[in-house]
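Mapped onto this note's numbering, the consecutive letters of the sequence shown carry residue numbers 8 to 87.
Contents: one structure, followed by commentary.
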Amino acid sequence: MPQPLWLVRPRPDGGCDYVNFVPAPAAAAGASTVEMREGSHLPPQMPLLKRRHHLPREEAERCRQQLQQNDGYRFSEPLF
């Protein structure tokens with residue numbers, strides 16, 4: 008995961024759930040760490056951040072695959 012990645016899942020109320028994977032800066036958390044941010048967004052409201060985790064790169068990749076294969080998330084352009 009060399010660059011930020013967005014996954015989005017639409018909700019029946021017109022909003023969406025999102026997961027954003029952001030590689031951590033090498034100086035801050037090590038080159039092999041990824042920050043995973045989970046939240047929801049219902050425009051025009053501000054996005055809601057529900058959880059945030061720092062994961063090893065390999066574990067973040069497994070989470071991404073699970074979200075896409077089992078939980079209905081799809082690649083997206085940045086939401087905000």
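Even glycine gets a Cβ: it sits at the ideal position worked out from N, Cα and C.
Indicate the three-state DSSP secondary structure (helix, strand or coil) for residue i in the structure shown.
i	result
E65	helix
L74	helix
Please list, in chain order, all residues of the same chain as residue i whose beta carbon is under 7 Å from its beta carbon, the five residues on each side excluded.
i	result
R58	E45
P85	W13
A67	M8, F28, V41, M43
At what residues does the beta strand (DSSP E) containing residue i begin and finish?
i	result
P17	12 to 17
Look at the Cβ atom of residue i, then the Cβ atom of residue j, and state whether they are nearer than 8 Å.
i	j	result
G21	L49	yes
F82	P54	no
T40	P11	no
L56	V26	no
Leaving out five residues before and five after residue i in sequence, what residues of the same chain have Cβ atoms less than 6 Å from its Cβ?
i	result
E1	Past the boundaries of the shown model lies residue 1; the chain is included only from 8 to 87, so the question cannot be answered.
With 8 Å set as the bound, which would you pick, yes or no: does the beta-carbon of residue i sit closer than that to a beta-carbon of chain D?
i	result
R44	The displayed structure is made up of one protein chain only, and chain D is not part of it.
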